[in-house]
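*Asks:* Below you'll find the structure I mean.
Protein chains: 2
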Amino acid sequence: MYPNWILQRARLTPTRIALKFEQESWTFEQIKDISVKRAQQLIALGIKRKERVAILGPNHPQSVFMMYACMHLQCEMVMLNRKLSKGELQYQIQDSEVSVVLVDDEDLELLPEQTTFLLFSDVEKIKVQEISINEEWSLEQTTSIMYTSGTTGFPKGVRQTVGNHQASALSSVLNIGLSEDDVWLCAVPLFHISGFSILVRSLLYGNQVKLYKKFDKEEAIHDIAYGEVTHMSVVAFTLERILHGLEQQNLKASPRFKIILAGGGPVPVNYLERAKRLGLAVSQTYGMTETSSQTATLSYEDAFRKIGSAGKPLFFNQIKIANASGPKNEGEILIRGPHVTPGYIGRFSEKSATEDGWLHTGDIGYLDEEGYLFVIDRRSDLIISGGENIYPAEIENVLMSHDAIREAGVCGMADETWGEVPAAFVVLKYDVSKEQIKEFCLTRLAKYKVPKQIYFVQALPRNGSNKLLRRKLKELL
Amino acid sequence: MYPNWILQRARLTPTRIALKFEQESWTFEQIKDISVKRAQQLIALGIKRKERVAILGPNHPQSVFMMYACMHLQCEMVMLNRKLSKGELQYQIQDSEVSVVLVDDEDLELLPEQTTFLLFSDVEKIKVQEISINEEWSLEQTTSIMYTSGTTGFPKGVRQTVGNHQASALSSVLNIGLSEDDVWLCAVPLFHISGFSILVRSLLYGNQVKLYKKFDKEEAIHDIAYGEVTHMSVVAFTLERILHGLEQQNLKASPRFKIILAGGGPVPVNYLERAKRLGLAVSQTYGMTETSSQTATLSYEDAFRKIGSAGKPLFFNQIKIANASGPKNEGEILIRGPHVTPGYIGRFSEKSATEDGWLHTGDIGYLDEEGYLFVIDRRSDLIISGGENIYPAEIENVLMSHDAIREAGVCGMADETWGEVPAAFVVLKYDVSKEQIKEFCLTRLAKYKVPKQIYFVQALPRNGSNKLLRRKLKELL
């Protein structure tokens, strides 16, 4: 029996600022009042408690209030990614069998045809139906569902329970500490675990979130340099933009600023060195949707002693390496702990997320003699582009659905801005232009997944059993 | 599945100082090594995993190592109170059916005759038996058992599980924050929840404990004034001694010092004002053995705005008032949350600790309009003397076992040093001196429970159904 985080936080620290967005701010009491009202409006519109609903909206307070309203109703929230194509959203809406999509007016045009939806503005207008909000949540109840691509190319809906989120937030606080005047800058999407976990922490910790509609380099630099915020979550490529901005403007991080958590792959040494000169502490982290954010974090003191490492597990977490071999005993990274998802929904609901309690990440890595994790290869073929995970199989499936394409193979290609972007190798049945293929992809894939380069080849590299060798593709680049 | 705290902490921050005692200190790695060795020595001496054992020892590192050794073996530790009489210890040893008492050499003389015991020094000498230590604990497993007197006069053995201790420590960190350089001064007994919870927090938070064998005013003043420690748990009467000492020596609290948690009843306003002048932040708390320490805490910012309040519940906790009535809606204080004991052992093992998840404390209080708890009366008859709980019924039982005593009634009497001390009203069968009665008590009760004043009376105040009216006794004082 754990308290409803939103009610409890409003009870304990009602007058503290919970959320800032542009020129406005809200206390925990106000956030509670608005979200309870929204919950009662959702009920008036026929939403049932514990129902599964989807949410689609930008990073702004109305999305936060709608999420909290769903949490009051103990609904399972499917967090839709605004960058996806209509076809991709369609898949998730169908697979999750949500009763309705709660959609911000601004995002209505993103929805596929014939979707049952409720506009945020319609919810906000309706007369409330007075219902009582449950004071308690169980650790097992599902708070959020986020789709993550699998190696098969079919995205899987990952359950994140109250217990998962809570364990993650508590483990993190035991690692980086807590002061009541901490302020988290949230410029990552709320539909991703990187963003949503900032909201969860805010409710548990009682600290303020400064929300950006989207990442704004100038504003971020200002907030970091002038102590408006104390914490931020970034991917390496955002970090570089911040470093570059601070350098150009000859600014340093405010002494009030505590730490940047950098996820989504290792941070180049050059960035770490520049950050150090700017007085900016960077902690590298390793985590994923299935672990409700961070599972390991490298403390700043170790940043230079353990370059390339993702650090040690957080307090409640365990990490081990399966089938270790090679000079460093590398193998598949397995994770265990109360932050690990109990499983999937939809077409993968039968698939267990763990074996004997251990999540098999598919990532390859090793633990050094002091227990520091080094991730060598993210899920073998995974492409990480500006912090978004892209699975080659998903793009290949789309390419091969084109009439003119016989075979397709996709791999990551280095890119100065995004870290990596997808590149495609294609065997044609008949002539078609690269532009035609890109346009075809654009109607079916989020823009960031559309191959930036397409190469026509006679055959794809395959092994004896005809399995595509994506690593060989990289060598062709 | 949660990690063994000791192993995990040693893995994450092996080189941090875990414990300081007099001139010595130990890192988390060293504490882990010593406690694993002790665990293997206990096995060599025939102790089984998950067995129930008792521990009796002073506040020094060997006691800490022995407790951690028992935790490695997932033994249920009955924490014996060193201030008890042999008869009282005998009761707890029998009631808990422990296989053995692990006793510090220094405390051997405290043990009742015919107790099966192992001396710390014998454990430390024996050759280890190599066994593996369990990496994981379950939330439900019992870590410690502490006896607390009940209104019936028979002490009850309260279970404190891994989940209870963990929830308590995590709730507390969400309230008072955390820095890795926090140092807790522990001058309260380790066999009490006030002391043991400091060890638990240290393992979870990774912070240092500075352990005192017993409270030493001069040393405490030095540590607070010179920033050797950042946190301390006290009862009001200890707080006064610290204030007095700082004032006399014209010292102030170091800016590094963060907070004193003051439990065991309200802190007089005069103390709060003096503390403020000395730059010493005081947070009043309310808690008990059944809630694995704090259940509510008054933040320092509210200290003067809410004088006399024990604050708000910690994040995972709920408090409500049963059968509220009167001008302030006062009634019995009920507590709910993951920190509440699952129940008792021994003769009370059938008795449920909670009703419908709520612990009925027997304490009387109210919640003000902002949700702050005010405790009006601790368990109606409870006497709190220098932080120790004393139940009148227990003393009355002893008095009435004396041949010459027909009836006995006990209540608390104000005392400058201890806050309260017990006073007894006695109806005699035949003449006996007050000194004889005190000596009789001394062989059967801890010294602090022996009545400081004895009054001979003709009759005791009773109600219509002959129930002793202990409040009326107070009026007789």
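Protein sequences, first through last, are from chains H and Y.
Note that UniProt numbering has the first sequence beginning at 1, numbered continuously upward.
Note that UniProt numbering has the second sequence beginning at 1, numbered continuously upward.
Every residue gets a Cβ at the ideal spot worked out from N, C-alpha and C, and that includes glycine.
It should be emphasised that the depicted structure is a prediction, and the values quoted were computed from it without experimental measurement.
Can you name the start and end residues of the alpha helix (DSSP H) that residue 478/H belongs to?
*Replies:* A question about residue 478/H goes unanswered here, because the residues of chain H that appear run from 1 up to 477.
*Asks:* With a threshold of 9 Å between beta carbons, is Phe-348/H in contact with chain Y?
*Replies:* Taking the first residue of the first sequence as 1, we reach residue 348/H at position 348. Taking Cβ atoms only, chain Y never reaches closer than 9 Å to Phe-348/H, which makes this a no.
*Asks:* Tell me the DSSP bridge mates of Ser-385/Y?
*Replies:* Looking up residue 385/Y in the second sequence gives position 385. Looking at the DSSP assignment, Ser-385/Y forms a beta bridge with Glu-388/Y.
*Asks:* In angstroms, rounded to a whole number, what distance separates the CA positions of Val-235/H and Ser-293/H?
*Replies:* If you number the first sequence from 1, residue 235/H lands on position 235. If you number the first sequence from 1, residue 293/H lands on position 293. Taken atom to atom, the span from the alpha-carbon of Val-235/H to that of Ser-293/H is near 13 Å.
*Asks:* Identify each residue in the segment 164 to 188 of chain H for which the Cβ-Cβ distance to at least one residue of chain Y is less than 7 Å, and report them in chain order.
*Replies:* Leu-170, Val-173, Leu-174, Gly-177, Leu-178, Ser-179, Glu-180
*Asks:* Only counting the same chain, and skipping five residues up and downstream in sequence, which positions put a Cβ closer than 7 Å to that of Arg-38/H?
*Replies:* For the purposes of this step, residue 38/H is identified with residue 38 of the first sequence, where counting begins at 1. Correct list, in chain order: Phe-65, Met-66, Ala-69, Val-123.
*Asks:* If you follow the alpha helix (DSSP H) that Val-123/H is in, where does it begin and where does it stop?
*Replies:* Looking up residue 123/H in the first sequence gives position 123. Note, Val-123/H: alpha helix (DSSP H), 120 to 125.
*Asks:* Between the Cα of Asn-59/H and those of His-192/H, Leu-42/H, Ile-126/H, Arg-201/H, spot the shortest distance and give me the residue it belongs to.
*Replies:* The residue labelled residue 59/H in the question sits at position 59 within the first sequence. Ranking His-192/H, Leu-42/H, Ile-126/H, Arg-201/H by Cα distance to Asn-59/H puts His-192/H first.
*Asks:* Given Lys-156/Y, which residues of its chain have a CB within under 7 Å of its CB, disregarding the five upstream and five downstream residues?
*Replies:* Along the second sequence, one-based indexing puts residue 156/Y at 156. If we look at Lys-156/Y and ignore the five residues flanking it on each side, its Cβ neighbours are Tyr-147, Thr-148, Gly-150, Tyr-344, Phe-348.
*Asks:* Helix, strand or coil: how does DSSP classify Arg-38/Y here?
*Replies:* Stepping through the second sequence from its first residue, residue 38/Y is reached at position 38. Helix, per DSSP.
*Asks:* Taking the Cβ atom as the reference point for each residue, do Ser-325/Y and Tyr-372/Y lie within a distance shorter than 9 Å?
*Replies:* On the second sequence, position 325 is the one that residue 325/Y refers to. On the second sequence, position 372 is the one that residue 372/Y refers to. Contact flag unset, no.
*Asks:* State the beta-bridge partners of Thr-161/Y as determined by DSSP.
*Replies:* Walking along the second sequence from the start, residue 161/Y turns up at place 161. Its beta-bridge partners are Thr-142/Y.
*Asks:* Per DSSP, Trp-418/Y forms a beta bridge with which residues?
*Replies:* Locating residue 418/Y in the second sequence gives position 418, counting from the first residue. Bridge partners of Trp-418/Y: none, in fact.
*Asks:* Scan the segment 161 to 217 of chain Y and note each continuous alpha helix (DSSP H) run of 4 residues or more that stays entirely inside, going in chain order.
*Replies:* 162 to 176, 193 to 205
*Asks:* Contact defined as beta carbons within less than 8 Å: I believe residue 539/H pairs with Gln-129/H. What is the distance between those atoms, to the nearest angstrom?
*Replies:* Missing from the structure shown is residue 539/H; chain H here goes from 1 to 477 and no further.
*Asks:* To which residues of the same chain is Leu-243/H closer than 7 Å at the C-beta, ignoring the five residues directly before and after it?
*Replies:* By one-based count along the first sequence, residue 243/H stands at place 243. Tyr-271, Arg-274, Ala-275, Leu-278.
*Asks:* One question on the structure: do Tyr-2/Y and Ser-202/Y come within less than 9 Å of each other, judged by their Cβ atoms?
*Replies:* Position 2 of the second sequence, counted from the first residue, corresponds to residue 2/Y. Position 202 of the second sequence, counted from the first residue, corresponds to residue 202/Y. Cβ atoms of Tyr-2/Y and Ser-202/Y: not closer than 9 Å.
*Asks:* To the nearest angstrom, how far is the alpha carbon of Arg-471/Y from that of Glu-420/Y?
*Replies:* In the second sequence, residue 471/Y corresponds to position 471, counting from 1. In the second sequence, residue 420/Y corresponds to position 420, counting from 1. So the two alpha carbons sit approximately 15 Å from each other.
*Asks:* Between the Cα of Val-432/H and the Cα atoms of Ser-352/H, His-402/H, Lys-312/H, which residue gives the shortest distance?
*Replies:* Numbered from 1 along the first sequence, position 432 holds the residue referred to as residue 432/H. Residue His-402/H is the option with its Cα nearest to Val-432/H.
*Asks:* Who are Tyr-344/H's beta bridge partners in DSSP?
*Replies:* Counting from 1 along the first sequence, the entry for residue 344/H is found at position 344. Looking at the DSSP assignment, Tyr-344/H forms a beta bridge with Val-158/H.
*Asks:* For the alpha helix (DSSP H) containing Ile-93/H, list its first residue and its last residue.
*Replies:* Here residue 93/H refers to the residue found at position 93 of the first sequence. Where Ile-93/H is concerned, the enclosing alpha helix (DSSP H) stretches over 86 to 96.
*Asks:* Exposed or buried, which one is Arg-462/H when buried takes at least 16 other CB atoms within 10 Å?
*Replies:* Counted from its first residue, the first sequence places residue 462/H at position 462. Counting of Cβ neighbours within 10 angstroms places Arg-462/H among the exposed residues, the total staying below 16.
*Asks:* Using a C-beta cutoff of 9 Å, does Lys-312/Y count as contacting chain H?
*Replies:* As a first step, residue 312/Y must be located in the second sequence, where it is residue number 312. Yes, contact with chain H.
*Asks:* Which residues in chain H sit within 8 Å of Pro-338/Y, going by Cβ to Cβ distance?
*Replies:* On the second sequence, residue 338/Y is found 338 positions in, with the first residue counted as 1. Those within 8 Å of Pro-338/Y in chain H are Met-1, Tyr-2.
*Asks:* Run down chain Y in chain order and give the residues with a C-beta less than 7 Å from the C-beta of Leu-12/H.
*Replies:* As a working mapping, residue 12/H is identified with position 12 in the first sequence. The answer, in chain order, is Lys-312, Phe-315.
*Asks:* Have a look at the DSSP bridge pairing and note the partners of His-231/Y.
*Replies:* Position 231 of the second sequence, counted from the start, is the residue given in the question as residue 231/Y. The partner list for His-231/Y (beta bridge, DSSP) reads Trp-184/Y, Ile-259/Y.
*Asks:* Hey, out of Glu-180/Y, Phe-154/Y, Thr-143/Y, Leu-174/Y, whose CA is closest to Gly-163/Y's CA?
*Replies:* For this step, residue 163/Y is matched to residue 163 along the second sequence. The candidate whose alpha carbon is nearest that of Gly-163/Y is Thr-143/Y.
*Asks:* Please go through the same chain and pick out, in chain order, the residues whose beta-carbon is closer than 6 Å to the beta-carbon of Ile-333/H, but skip the five residues on each side of it.
*Replies:* Residue mapping note: residue 333/H aligns to position 333 of the first sequence, counting from 1. Excluding positions up to five away in sequence, the list reads Thr-361, Asp-363, Gly-365.
*Asks:* Per DSSP, His-360/H forms a beta bridge with which residues?
*Replies:* Counting from one through the first sequence, the residue named residue 360/H turns up at place 360. In DSSP, His-360/H forms a bridge with Leu-334/H.
*Asks:* Can you give the beta carbon distance from Trp-5/H to Ala-18/H, rounded, assuming they're within the 8 Å contact cut?
*Replies:* Position 5 of the first sequence, counting from 1, holds the residue named residue 5/H. Position 18 of the first sequence, counting from 1, holds the residue named residue 18/H. Wrong, their Cβ atoms sit about 11 Å apart, outside the cutoff.
*Asks:* Leaving out five residues on either side along the sequence, give the residues of the same chain with a beta carbon under 7 Å from the beta carbon of Val-36/H.
*Replies:* Along the first sequence, one-based indexing puts residue 36/H at 36. Once the five neighbours on either side are set aside, the close Cβ partners of Val-36/H are His-72, Ile-133.
*Asks:* Can you find a C-beta in chain H that's less than 9 Å from the C-beta of Arg-9/Y?
*Replies:* Taking the first residue of the second sequence as 1, we reach residue 9/Y at position 9. With 9 Å as the cut-off, Arg-9/Y counts as an interface residue toward chain H.
*Asks:* Going by C-alpha to C-alpha distance, which of Lys-83/Y, Gln-41/Y, Ser-283/Y sits closest to Gly-57/Y?
*Replies:* As a working mapping, residue 57/Y is identified with position 57 in the second sequence. Measuring from the Cα of Gly-57/Y, the nearest candidate turns out to be Lys-83/Y.
*Asks:* Using only the alpha-carbon positions, how far apart do Gly-311/Y and Thr-238/Y sit?
*Replies:* For the purposes of this step, residue 311/Y is identified with residue 311 of the second sequence, where counting begins at 1. For the purposes of this step, residue 238/Y is identified with residue 238 of the second sequence, where counting begins at 1. Looking at the two C-alpha atoms, the distance is approximately 20 Å.
*Asks:* Are the beta-carbon atoms of residue 479/Y and Tyr-212/Y separated by less than 9 Å?
*Replies:* The structure shown does not extend to residue 479/Y, since chain Y spans only 1 to 477, so no value can be given for it.
*Asks:* Mind pulling the chain Y residues with CB within less than 7 Å of Tyr-205/H?
*Replies:* Position 205 of the first sequence, counted from the first residue, corresponds to residue 205/H. Going along chain Y in sequence order, the residues near Tyr-205/H (Cβ under 7 Å) are Leu-174.
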